[in-house]
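Here is the structure we will look at, set down as structure tokens.
Protein chains: 2
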Amino acid sequence: MPDGDWTIPQLAVTVDLAVLTIRSDQLQIMLVERGIPPFQGTLALPGGFLASTSEDIDAAATRELTEETGLRAEHLHLEQLRTYGAPDRDPRQRVITVCYLAFAPDLPSPTAGGDARAATWMPVDKALHKRTTIAFDHKQIITDALERARNKIEYTTLAATFCEPEFTVSDLRKVYEIIWAQPIDPRNFHRKVTGVPGFLIPTGDRTIRHGGRPATLYRKGPATLLHPPILRAAPHGR
Amino acid sequence: MPDGDWTIPQLAVTVDLAVLTIRSDQLQIMLVERGIPPFQGTLALPGGFLASTSEDIDAAATRELTEETGLRAEHLHLEQLRTYGAPDRDPRQRVITVCYLAFAPDLPSPTAGGDARAATWMPVDKALHKRTTIAFDHKQIITDALERARNKIEYTTLAATFCEPEFTVSDLRKVYEIIWAQPIDPRNFHRKVTGVPGFLIPTGDRTIRHGGRPATLYRKGPATLLHPPILRAAPHGR
DNA sequence: CCAAAAGTGTTCACCGTACACCCATGT
DNA sequence: ACATGGGTGTACGGTGAACACTTTTGG
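Top line first, the protein sequences correspond to chains F and V.
So for the first sequence, the UniProt record's numbering puts the first residue at 1; every next one is plus one.
So for the second sequence, the UniProt record's numbering puts the first residue at 1; every next one is plus one.
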């Protein structure tokens with residue numbers, strides 16, 4: 001950090017959220033419809049300006065997230081994704097956005113938090129489709145969020161954050177299959193994840209199913225890293 | 001991004017650099033001595049305020065980096081590390097710092113770029129030592145930079161960015177050994193890295209050594225990802 | 001000849017993959 | 001009985017770790 005005591009005028013900082021969840025067997029992202037220009041009526045990532053001069057940016061992201069989802073922070077994963085600062089990304093003024101990535105289980109209702117704005121879910125595929133219009137550079141942000149999510153579940157236990165508090169190995173496998181868009185052998189996956197110490201804690205209960213053997217229910221354990229990682233078939237991301 | 005058209009007053013955005021290099025068989029980080037309070041006389045990461053309202057933050061980082069190192073951007077690696085926005089991280093005013101991580105080969109002179117400020121190198125170990133004082137929250141940033149670097153060379157070819165344009169397999173291995181602070185078997189390492197397609201391009205020349213068989217010289221090839229990654233012995237970083 | 005560093009060959013243990021097979025439930 | 005999904009056993013192939021060994025230089 002340099003010496004000097006001046007600020008660029010007309011410089012604003014916002015915190016935006018890329019909230020991912022799995023709904024209807026699809027990876028979906030939370031979007032809000034913009035009420036004013038620019039991009040009036042189009043969809044954008046939820047977010048907002050810093051609430052006060054003394055608010056930490058991480059805290060601002062947490063606040064936004066719990067407001068939008070209505071969930072408690074412990075049931076979510078939140079991490080900083082990247083900061084976007086192209087000079088023309090907002091036509092009104094210079095806006096720098098610190099963007100956060102969040103993983104959430106499927107939520108009872110999109111706007112359970114009581115927020116006035118209409119938050120909706122859209123499949124990530126559809127949001128990234130050529131013909132879909134997303135405000136600002138948010139389509140790029142969604143692309144980055146997807147890539148980060150795909151990489152992250154390889155070597156962490158965060159995939160479980162997409163599941164309900166109690167979930168089966170199948171539920172967890174579905175998360176991987178949906179995010180990676182590739183099938184996974186159920187038998188080997190089962191052995192793999194149950195073999196990681198501290199990842200899955202059996203609750204003692206079992207599912208009541210419509211057919212088939214009942215599955216053991218698990219809770220997420222304290223482990224955060226997977227060793228060795230669950231590697232995808234194809235070379236990482238390129 | 002939300003609706004609204006106002007800015008927090010007294011909010012400044014800076015771009016800081018965590019530049020890593022290998023000098024004297026140690027991982028070192030570039031620091032500058034602060035000329036004015038706060039933290040006058042103590043060391044801090046190089047960086048600065050955005051040069052103009054229309055400057056992209058990535059471009060600002062590149063500019064700072066080439067100014068400080070005197071090297072052309074092609075010989076360096078630069079990526080965004082993280083944004084730090086704790087409200088009290090600068091006692092003067094609210095400052096949000098977008099921090100970048102850079103890898104550089106050993107440089108001819110620390111301030112070859114002709115910059116007036118005195119840039120120095122300090123071993124990362126020493127910078128992170130309990131008794132070393134570093135300005136602002138920059139010690140935390142250095143910690144994050146080190147962790148990122150350690151992870152990054154696992155699955156990318158970026159370790160070669162620490163080497164001269166032409167280097168041997170031994171040179172590259174030393175980079176890994178120094179950054180990971182752990183010995184690596186020279187034979188297996190050799191086979192591993194020479195086996196990655198597009199990683200190492202032989203120049204045809206060999207080293208002239210003070211003893212021992214001359215080593216083949218390589219240039220960095222177009223490959224960017226390592227598949228499979230070079231995994232460290234111990235569980236990743238925890 | 002010896003030391004030192006580069007580079008190759010070989011062995012072995014482990015692990016991911018593939019898949020046969022058994023288990024426990026609903027219909 | 002049969003379908004459906006949960007979960008275990010096992011054989012095979014690839015790869016990383018360990019290390020003996022050869023190659024090529026300087027002293």
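All C-beta atoms, glycine included, are put in the ideal place defined by N, C-alpha and C.
Note that the coordinates shown come from a computational prediction; the quantities given were computed from them, not determined experimentally.
Worksheet item: How many angstroms separate the CA atom of Arg-87(V) from the CA atom of Phe-189(F)?
Response: Looking at the sequence shown, residue 87(V) is not Arg but Pro. Pro-87(V) and Phe-189(F) have their C-alpha atoms some 44 Å from each other.
Fill in: Assigned secondary structure, Ala-104(V) (DSSP; H/G/I helix, E/B strand, else coil)
In the structure shown, Ala-104(V) falls within a coil segment according to DSSP collapsed to helix, strand and coil.
Worksheet item: For Ile-208(V) versus Arg-219(V), is the C-beta spacing smaller than 8 Å?
Response: Going by C-beta atoms, Ile-208(V) is not nearer than 8 Å to Arg-219(V).
Fill in: Residue of Asp-185(F), Val-98(F), Arg-94(F), Phe-39(F) minimising C-alpha distance to Asp-16(F)
Checking every option, the nearest Cα to that of Asp-16(F) belongs to Val-98(F).
Discussion item. Looking only at its chain, what residues have a beta carbon closer than 6 Å to the beta carbon of Leu-31(F), apart from the 5 residues adjacent to it on each side?
Written reply: Within the same chain, Cβ atoms closer than 6 Å to the Cβ of Leu-31(F) are found at Leu-43, Thr-120, Met-122, the five residues on either side in sequence being excluded.
Worksheet item: Of all the CB atoms in chain F, is at least one closer than 8 Å to the CB of Ala-86(V)?
Response: At least one chain F Cβ lies under 8 Å of Ala-86(V).
Discussion item. Between Gln-10(V) and chain F, is the shortest Cβ-Cβ distance under 8 Å, so that the two count as touching?
Written reply: Taking a beta-carbon distance threshold of 8 Å, Gln-10(V) counts as an interface residue toward chain F.
Worksheet item: How long is the line joining the alpha carbons of Gly-114(V) and Asp-58(V), rounded to whole angstroms?
Response: With a pLDDT of only 49 at Gly-114(V), under 50, the local geometry of the prediction cannot be trusted, and the value read off the model is given with reservation. Taking the CA atoms as reference points, Gly-114(V) sits about 22 Å from Asp-58(V).
Item to complete: Specify the secondary structure class of Arg-209(V) as computed by DSSP and reduced to three states.
Response: If DSSP states are grouped into helix, strand and coil, Arg-209(V) belongs with coil.
Worksheet item: How big is the Cα-Cα spacing for Thr-203(V) and Thr-168(V)?
Response: Roughly 10 Å separates the two Cα atoms.
Item to complete: Using a Cβ-Cβ cut-off of less than 9 Å, give me the residues of the segment 71 to 86 of chain F that come near chain V, in sequence order.
Response: Listed by position along the chain: Gln-80, Arg-82, Thr-83, Tyr-84, Gly-85, Ala-86.
Practice prompt. Would you verify that the beta carbon of Asp-98(V) is, or is not, closer than 8 Å to some beta carbon of chain F?
Written response: Before going on, a small fix: residue 98(V) reads as Val here, not Asp. Yes - at least one Cβ of chain F is within 8 Å of the one on Val-98(V).
Worksheet entry | Neighbour flag for Asp-144(F) against chain V, beta carbons, 8 Å | False, the Cβ-Cβ gap to chain V never drops below 8 Å.
Item to complete: Using three-state DSSP, classify Ile-57(V) as helix, strand or coil.
Response: In the structure shown, Ile-57(V) adopts helical secondary structure according to DSSP, grouped into three states.
Practice prompt. Excluding the 5 residues preceding and the 5 following Ala-112(F) in the sequence, name in chain order all residues of the same chain whose CB lies nearer than 6 Å to its CB.
Written response: Model confidence at Ala-112(F) stands at a pLDDT of 47, short of 50, so the residue's coordinates are unreliable; what they give is reported in the following sentence. Around Ala-112(F): Gly-70.
Fill in: Simplified DSSP state of Glu-166(V), which is helix, strand or coil
In the structure shown, Glu-166(V) adopts coil according to DSSP, grouped into three states.
Discussion item. Quick check: is the beta carbon of Thr-53(V) nearer than 8 Å to any beta carbon in chain F?
Written reply: For Thr-53(V), the closest Cβ of chain F is nearer than 8 Å.
Worksheet entry | Alpha-carbon to alpha-carbon, Ala-181(V) and Asp-90(F) | So the alpha carbons of these two residues sit roughly 45 Å apart.
Fill in: Environment of Gly-198(F) [buried if 16+ CB atoms lie within 10 Å]
When all chains shown are included, Gly-198(F) counts as exposed.
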